[in-house]
Amino acid sequence: MKVVVIGAGGQLGTDLCRTSGNRELVPINHAQLCVEDGAAVKALLERERPNVVINTAAYHRVDDCEKDPTPAFLVNAIGARNLALACRQVGAALVHISTDYVFGLDRLRKTPYLEEEAPAPVNAYGASKAAGEFLVRAYLNEHFIVRTAALYGTAGASGKGGNFVETML
């Protein structure tokens, strides 16, 4: 099974590629592909013809998103849409990595969220990821959305100076 990992230079993408035993894994980093460029996304997937695309690319500088949400929406929403459209064209499934930040607006809530609940993003970053989830669902039937929280790993988060655990310490 041929798998393309988008965002392979980031924290999750790096560790995913490092630990995968898949010989048909194609790692794609930001220097190789800007997901907000729909034509480039389409060309890459037409060339590679994967069975599955794993989207680990994200603009995740939460504080910067509050100051200017545009880069987050370009990568996290438009980029997700571009991947969904290209996956539909080549017949690939999409595993889209999202975040728990799509929830949290109700700060008094004491119970866990269920996956079928409507998102209520806590901030601009969460809103950009929720928009990406919506667009993936709208454009591609063969998709999986994985909501993560507090990632950590050997690679650290690019652009953030480490991973969640290092940041908290």
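The working numbering applies: residue -7 is where the sequence shown begins, and numbers increase by one.
Virtual Cβ for every residue (Gly too), placed ideally from N, Cα, C.
Worksheet item: How about Ala78 and Leu86: are their beta carbons less than 7 Å apart?
Response: For the purposes of this step, residue 78 is taken as residue 86 along the sequence shown, with counting starting at 1. For the purposes of this step, residue 86 is taken as residue 94 along the sequence shown, with counting starting at 1. No; because the gap between Cβ atoms is not below 7 Å, this pair is not in contact.
- prompt: Near Ala72, which residues of its chain fall below 7 Å by C-beta distance, leaving aside the five closest residues on each side in sequence?
  reply: Here residue 72 refers to the residue found at position 80 of the sequence shown. Closer than 7 Å at the Cβ level, and outside the excluded window around Ala72, lie Asn47, His88, Gly124, Leu127 and Val128.
Practice prompt. Determine the burial state of Ser14: buried for a count of at least 16 other Cβ atoms within 10 Å of its Cβ, exposed for fewer.
Written response: Reading the sequence shown from its first residue, position 22 is the one you call residue 14. The sequence as given places Asn at residue 14; Ser does not occur at that position. Classification of Asn14: exposed, given that the 10 Å Cβ count is below 16.
message: For Val138, count the other beta carbons within 10 Å of its own beta carbon; 16 or more makes it buried, fewer makes it exposed. Which is it?
response: Within the sequence shown, residue 138 is the residue found at index 146, counting from 1. Label assigned to Val138: exposed.
- Please classify Leu143: does DSSP put it in a helix, a strand, or coil? Here residue 143 corresponds to residue number 151 of the sequence shown, with the count starting at 1. Correct three-state label for Leu143: coil.
key: Of the residues Gly118, Glu134, Thr103 and Ser12, the one placed nearest Ala141, counting alpha carbons only   = What you label residue 141 is simply residue 149 of the sequence shown in a count that begins at 1. Checking every option, the nearest Cα to that of Ala141 belongs to Gly118.
(Q) Strictly by DSSP, which residues pair up with Leu86? (A) Start at 1 with the first residue of the sequence shown, and residue 86 comes out as number 94. The partner list for Leu86 (beta bridge, DSSP) reads Val45 and His135.
Locate the beta strand (DSSP E) running through Pro216, then write down its first and last residues.
Not covered by the structure: residue 216. The range shown for the chain is -7 to 161.
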